[in-house]
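A short worksheet on the structure shown next.
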Amino acid sequence: MQVWVLAAYAYSYQLLYGRAGMLSFGHAVYFGIGAFAAAHALNSKALATAGFPAEAVPLVGMAAGFTAAIVFGYPSTRRAGIPFAMVTLGIGELVAACFLMFPGFFGGEAGISTNRAGLAGWLVQSYGRLPTLYPLLLAWSCLLILAALWVAQTPLGLLARGVRDNAERIGFFGFEAAEVRFKVMLIAGPIAGGAGALAAMLYEIVSVESVSLATSANVLLMTVVGGPASAVGPLVGALALTLMQTALAKITHAWVFYYGLLFILIVLFAPQGITGVVASGVRTFGRLGPVGFTRGYGLAIAASAVAFAGGITVIETLFFRTTGQADEGRLPLLAALAAAGVTVAAGLWLARLVRGRP
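First residue of the sequence shown: 0, per numbering that gives the first Met the number 0; consecutive thereafter.
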């Protein structure tokens, strides 16, 4: 469920960045405001008395996200490129600063705790138990994701791609680029708000982290790592982030370092993301066949694996030595040096193997 909720959030960001080329540093504003609105709806005695169904709570988040998109989206989408990025960064910091200024809505330092069983449902009596909650979250996540994918194929989505690639030519056709960007924001905002509402129902607490710069950075990382232009890229990115936050975090405390390193490598060497790399590899394998693929890329893959293992050894050894979790002696240092030597040798071997190849 963490993966699906994050994926819905990432697909809303893909509409901005992957489709319209709008690099936003404040997309958590729509996610967080939707989450806070949903938390208030779950805690509202008036809604409970009126029989407001729990299944409709994500609609409250979407309405809040749409309102925020109108308020913040119009001024931010007047410009593109770096000015747009800086304005969204300022908006994100502005909303985060309001967290302590308006505790009635944001809940102050403690945030807002809620109970998803506060509202009765139409399909089931209560969504307090996880086995009844998960199908609801999955259904809503899929609806939000399908909505984002559908919008990308509509005339508005195609116009957004045109604005991304050549805004001046789109203007010659009679379309205002700023208007196209604003319309895309009016769709991405509610989807992000709906994802925030799902997060509020899943975790039963909403804090300042929901509107923080870190949450905006995470959605950018998920979209880029998974594949900004791929139909499954945000889902893959959400899966990668969740696995690193859960499975990898149990193995090493340096998981944030690896996630940042993965992002750097993706940006430098595979801007199409993990899905693009896999798709390219599958096409190459189909064209060359097993024997040709192994002959052409087997040694390079083996050298990369050795370099990867050596690099991991260096990082973990130095990390444990720095934090004092390893014995203070020569063995950790020698192991790090040996791993570094293996890494350098493997890297040189890899460079020699791939040099001159198309």
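Built from N, CA and C at the ideal position, the CB exists for glycine as well.
Please read these numbers as outputs of a predicted model, since none were measured by experiment.
Suppose contacts are defined by Cβ-Cβ distances below 9 Å. Is residue i in contact with residue j by that definition?
i    : j    : result
A213 : A68  : no
A147 : I190 : yes
L264 : W254 : no
R115 : L41  : yes
L136 : L201 : yes
T374 : Q1   : Since the first and last residues shown for the chain are 0 and 357, residue 374 lies out of range.
H252 : F318 : yes
G192 : M61  : yes
S23  : A84  : yes
A109 : S206 : yes
Relative to the C-alpha of residue i, which residue among the options is closest?
i    : options                   : result
V56  : L132, I273, G103 and L14  : L132
V4   : S112, L298, T293 and A194 : A194
G25  : A146, G173 and P82        : P82
A38  : L137, L118, G310 and L240 : L118
Y12  : V277, R282 and A228       : A228
L14  : P102, S125 and T153       : T153
T274 : G226, S125, F268 and V255 : G226
A19  : T76, M100, T283 and G127  : T76
G17  : G295, A116, V205 and V231 : V231
L234 : Q244, T222, S43 and M243  : T222
D164 : L88, G310 and A79         : A79
V281 : A109, F292 and G272       : F292
G107 : I204, G173 and A196       : I204
V162 : A301, Q124, L267 and A176 : A176
P134 : F174, L197 and A151       : L197
F104 : V290, A36 and A302        : A36
A151 : V290, Y10 and T312        : Y10
Y258 : A45, S206 and I311        : I311
F98  : A299, E208, I250 and W149 : E208
Could you check if residue i is buried or exposed, using at least 16 other CB atoms within 10 Å of its CB as the buried criterion?
i    : result
M21  : buried
T113 : buried
S279 : exposed
E167 : exposed
E178 : exposed
I370 : Outside the modelled stretch of the chain, which goes from 0 to 357, sits residue 370, for which no answer is possible.
P357 : The pLDDT assigned to P357 is 46, lower than 50, so where the model puts this residue is not dependable; a value taken from the coordinates is nonetheless given after this. Exposed: under 16 other Cβ atoms inside 10 Å.
L122 : exposed
E315 : buried
F101 : exposed
G410 : The requested residue 410 does not occur in the structure, where the chain is confined to residues 0 to 357.
W129 : Looking at the sequence provided, one finds Leu at residue 129 rather than Trp. Flag for L129 reads exposed.
L267 : exposed
G272 : buried
A199 : buried
By Cβ distance, which residues of its chain are closer than 6 Å to residue i, with the 5 residues on each side in sequence left out?
i    : result
A7   : S140, L143, I144 and A194
D326 : Only weak support exists for where D326 lies, its pLDDT of 47 falling under 50; the value from the coordinates is given anyway. Correct list: empty, nothing qualifies.
V86  : S75
A53  : L118, G120 and Y126
V276 : A269
Using a Cβ-Cβ cutoff of less than 8 Å, which residues in the same chain neighbour residue i once the five nearest sequence positions on both sides are dropped?
i    : result
G72  : F181, M184, L185 and G188
R329 : Because the pLDDT of R329 is 49, which lies under 50, any placement of that residue in the model is unreliable, and the number read from its coordinates should be weighed accordingly. Closer than 8 Å at the Cβ level, and outside the excluded window around R329, lies no residue.
Just to confirm my understanding: we take residue i, look at its own chain, exclude 5 residues before and 5 after, and list those with CB closer than 7 Å. What are they?
i    : result
V28  : A67, F71, I90, G91, V94 and V210
G295 : L287
A308 : none
I159 : The sequence shown places Ala at residue 159, rather than the Ile named in the question. These residues qualify, in order along the chain: R18, A19, V179 and V183.
Going by the C-beta, is residue i closer than 8 Å to any heavy atom of the ligand GTP?
i    : result
L185 : As presented, the structure is devoid of all ligands, the ligand GTP included, so that no description of it is given.
**Request:** Spell out a yes or no on whether the segment 209-228 and the segment 41-58 are touching, meaning 3 or more CB-CB pairs, one atom from each, closer than 8 Å.
**Result:** The segment 209-228 is not in contact with the segment 41-58.
**Asked** Okay, do the segment 229-246 and the segment 30-37 touch, 3+ Cβ pairs below 8 Å being the bar?
**Response** In short, these stretches do not touch, since the Cβ pair count stays below three.
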